[in-house]
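Student:
In full-length UniProt numbering, the protein residues as written are 1 to 441.
Structural data, given as structure tokens:
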């Protein structure tokens with residue numbers, strides 16, 4: 001009976017030792033995972049975890065420490081239980097040995113000796129395993145100490161981070177206040193700069209007007225000087241401006257579109273007092289002024305002819321479109337092209353009328369003679385004349401190309417109103433007007 005009990009206990013001890021081995025293997029596996037994830041405790045932190053927030057790292061370390069402490073407590077309990085069992089087994093073995101020596105005549109002595117030898121072997125194995133478990137427990141305790149020291153270090157670092165964050169927040173608040181003050185100062189300076197720019201524009205406009213008056217040798221009216229000093233606040237009255245001199249030729253202002261009516265004249269007129277009687281002009285300056293005026297009037301006449309020609313082309317094209325629609329000779333494509341042509345002609349006519357108004361204003365300003373010692377006005381007049389001639393040449397080229405294209409398109413379509421007659425009538429009217437103008441000159 002005692003041998004059977006010893007065998008049962010030895011089997012139970014074997015099972016427990018197997019469980020302890022499994023637990024040891026599991027603990028070693030967890031330890032390897034911990035080392036692979038976090039490295040050795042003496043080594044520096046990995047790059048991925050060194051930059052993370054300290055709160056998460058501290059929580060993970062606390063959890064690991066708690067698990068290790070629980071495992072150490074479990075292992076200590078198991079070791080104590082195994083020691084108690086070993087002591088009991090030793091006592092039983094001692095009892096069995098005494099019984100064996102007392103009953104040497106027992107025939108089962110050989111079998112008991114074999115079982116005792118086996119039990120001794122198992123006991124030795126269990127003692128070895130307990131020694132290993134003690135060593136593992138010592139290692140785990142050392143790791144626990146290291147983890148606690150590391151946790152204390154992290155706590156100290158988190159406290160330092162909190163203080164640095166407090167200082168950084170104070171610095172950022174101070175910088176924000178400085179930034180607000182700088183923005184307010186920038187706004188004040190920008191307002192001053194805008195005011196200075198406005199005053200500079202007013203002064204520049206006054207200087208330009210005074211320079212123009214000095215070039216023309218004329219004293220500006222006090223009403224104009226007051227209006228010029230208050231530029232940007234209110235506009236001068238229309239009554240202070242002298243009326244334009246009436247000109248001959250088609251005016252065409254009533255039939256203009258709203259786009260043409262809203263075009264502003266780039267060269268505004270000004271009211272000037274007449275020249276003093278005692279001031280004399282040289283003959284060359286007067287002759288030059290007369291030549292400039294003649295050229296400007298000639299340019300205005302040519303522009304009037306072009307405006308009249310375009311108006312006649314537009315009216316005849318309307319009649320032609322109406323006839324084509326009545327007889328059903330026009331397609332959808334022809335209708336679209338005609339609409340585009342009409343729009344283009346309207347735009348050209350409007351631009352020429354606006355340029356004619358500007359030229360008329362320039363001619364009206366040429367009525368006042370200028371001094372002989374100032375030549376900058378001559379240069380501005382010649383530049384404006386060159387621009388006008390260039391615009392006139394471009395308009396002529398456009399009309400020549402347009403009329404040629406119209407001639408080709410009308411010859412191809414063979415419509416009831418060919419463009420050749422239109423070109424001939426326009427050229428005939430233009431020639432007659434040119435002859436009349438030359439006779440008048």
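Quick reminder that beta carbons are idealized off the backbone N, C-alpha and C, glycines included.
State the Cα-Cα distance for the pair residue 121 and residue 90, rounded to the nearest angstrom.
Tutor: The residue given as residue 121 occupies position 121 in the chain shown. The residue given as residue 90 occupies position 90 in the chain shown. C-alpha separation (whole angstroms): 13 Å.
Student: Among the residues of its own chain, which have a CB less than 8 Å from the CB of residue 118, if the five just before and after it don't count?
Tutor: The residue given as residue 118 occupies position 118 in the chain shown. Once the five neighbours on either side are set aside, the close Cβ partners of residue 118 are 10.
Student: Starting from the Cα of residue 155, find the closest Cα among 168, 183 and 55 and give me that residue.
Tutor: On the chain shown, position 155 is the one that residue 155 refers to. Checked all of 168, 183 and 55; the closest Cα to residue 155 is 55.
Student: Considering only residues of the same chain and omitting the five flanking positions on each side of residue 144, which have a CB-CB separation below 6 Å?
Tutor: Locating residue 144 in the chain shown gives position 144, where the first residue counts as 1. Excluding positions up to five away in sequence, the list reads 68.
Student: Tell me whether the beta-carbon of residue 133 lies closer than 7 Å to the beta-carbon of residue 74.
Tutor: Locating residue 133 in the chain shown gives position 133, where the first residue counts as 1. Locating residue 74 in the chain shown gives position 74, where the first residue counts as 1. No, they are not a contact pair.
Student: Could you check how far apart the C-beta atoms of residue 150 and residue 61 are, in whole angstroms? I think they sit under 8 Å.
Tutor: Within the chain shown, numbered from 1, the residue matching residue 150 stands at position 150. Within the chain shown, numbered from 1, the residue matching residue 61 stands at position 61. The pair is a contact, with the Cβ atoms about 7 Å apart (cut-off 8 Å).
Student: Leaving out the 5 sequence neighbours to the left and right, which residues in its chain are closer than 7 Å to residue 194 when beta-carbon positions are compared?
Tutor: Position 194 of the chain shown, counted from the start, is the residue given in the question as residue 194. So the list is empty, once near-sequence residues are dropped.
Student: Using the C-alpha atoms, what's the distance from residue 198 back to residue 355?
Tutor: Translated into the one-based positions of the chain shown, residue 355 becomes position 355. Translated into the one-based positions of the chain shown, residue 198 becomes position 198. Cα-Cα distance, rounded: 30 Å.
Student: Taking residue 310 as the reference, which of 350, 294, 200 and 131 has the closest Cα?
Tutor: As a first step, residue 310 must be located in the chain shown, where it is residue number 310. Among 350, 294, 200 and 131, the Cα nearest to that of residue 310 belongs to 350.
Student: What is the rounded straight-line gap between the Cα of residue 200 and the Cα of residue 187?
Tutor: Counting from one through the chain shown, the residue named residue 200 turns up at place 200. Counting from one through the chain shown, the residue named residue 187 turns up at place 187. Going by the C-alpha atoms only, they are around 20 Å apart.
Student: What does the Cβ neighbour count give for residue 304, buried or exposed, with the cut at 16 atoms within 10 Å?
Tutor: Translated into positions along the chain shown, residue 304 becomes position 304. By the 10 Å Cβ count, residue 304 comes out buried.
Student: By alpha-carbon positions, which one of 191, 185, 92 and 345 ends up nearest to residue 316?
Tutor: One-based indexing of the chain shown puts residue 316 at position 316. Cα-wise, what sits closest to residue 316 is 345.
Student: Measuring alpha carbon to alpha carbon, tell me which of 347, 314, 319 and 297 ends up nearest residue 361.
Tutor: On the chain shown, position 361 is the one that residue 361 refers to. Considering only alpha carbons, the answer is 297.
Student: Relative to the C-alpha of residue 127, which residue among 286, 290, 300 and 16 is closest?
Tutor: Sequence index remark: in the chain shown, residue 127 carries index 127 (1-based). The shortest C-alpha separation from residue 127 is found at 16.
Student: By a C-beta neighbour count over all protein chains shown, 10 Å radius and 16 as the cutoff for buried, is residue 129 buried or exposed?
Tutor: For the purposes of this step, residue 129 is identified with residue 129 of the chain shown, where counting begins at 1. Residue 129 is buried by the Cβ-count criterion.
Student: Assuming residue 58 contacts residue 158 under a Cβ cut-off of 8 Å, what Cβ separation, rounded to an integer in Å, is found between them?
Tutor: The residue you call residue 58 lines up with position 58 of the chain shown. The residue you call residue 158 lines up with position 158 of the chain shown. Yes, they are in contact, since the Cβ atoms of residue 58 and residue 158 sit about 7 Å apart, within 8 Å.
Student: Might you give, ordered along the chain, the residues of its own chain that have their beta carbon closer than 7 Å to the beta carbon of residue 19, omitting 5 neighbours on each side?
Tutor: The count along the chain shown starts at 1 and reaches residue 19 at position 19. So the list is empty, once near-sequence residues are dropped.
Student: Please report the Cβ distance between residue 353 and residue 313, rounded to the nearest whole angstrom; I am assuming they are in contact, meaning their Cβ atoms lie under 8 Å.
Tutor: Taking the chain shown and counting its residues from 1, one reaches residue 353 at position 353. Taking the chain shown and counting its residues from 1, one reaches residue 313 at position 313. Rounded, the Cβ-Cβ distance is 15 Å, inconsistent with contact.
Student: With 16 as the cutoff for other CB atoms within 10 Å, does residue 301 come out buried or exposed?
Tutor: Indexing the chain shown from 1 puts residue 301 at position 301. When all chains shown are included, residue 301 counts as buried.
Student: For residue 284 and residue 348, what's the separation of their Cα atoms in angstroms?
Tutor: For the purposes of this step, residue 284 is taken as residue 284 along the chain shown, with counting starting at 1. For the purposes of this step, residue 348 is taken as residue 348 along the chain shown, with counting starting at 1. Each residue's alpha carbon lies about 38 Å from the other.
Student: Exposed or buried, residue 319, counting other C-beta atoms within 10 Å across all chains shown (16 or more means buried)?
Tutor: Walking along the chain shown from the start, residue 319 turns up at place 319. Exposed, since its Cβ has fewer than 16 Cβ neighbours within 10 Å.
Student: Hey, residue 131 and residue 72 are a contact pair by Cβ (cut 8 Å); roughly how many whole angstroms apart?
Tutor: Sequence index remark: in the chain shown, residue 131 carries index 131 (1-based). Sequence index remark: in the chain shown, residue 72 carries index 72 (1-based). In fact, because the Cβ distance is near 17 Å, the residues do not count as touching under 8 Å.
Student: Output the distance between the C-alpha atoms of residue 498 and residue 25, rounded to the nearest integer angstrom.
Tutor: In the structure as shown, the chain begins at 1 and stops at 441. Residue 498 is therefore absent and cannot be evaluated.
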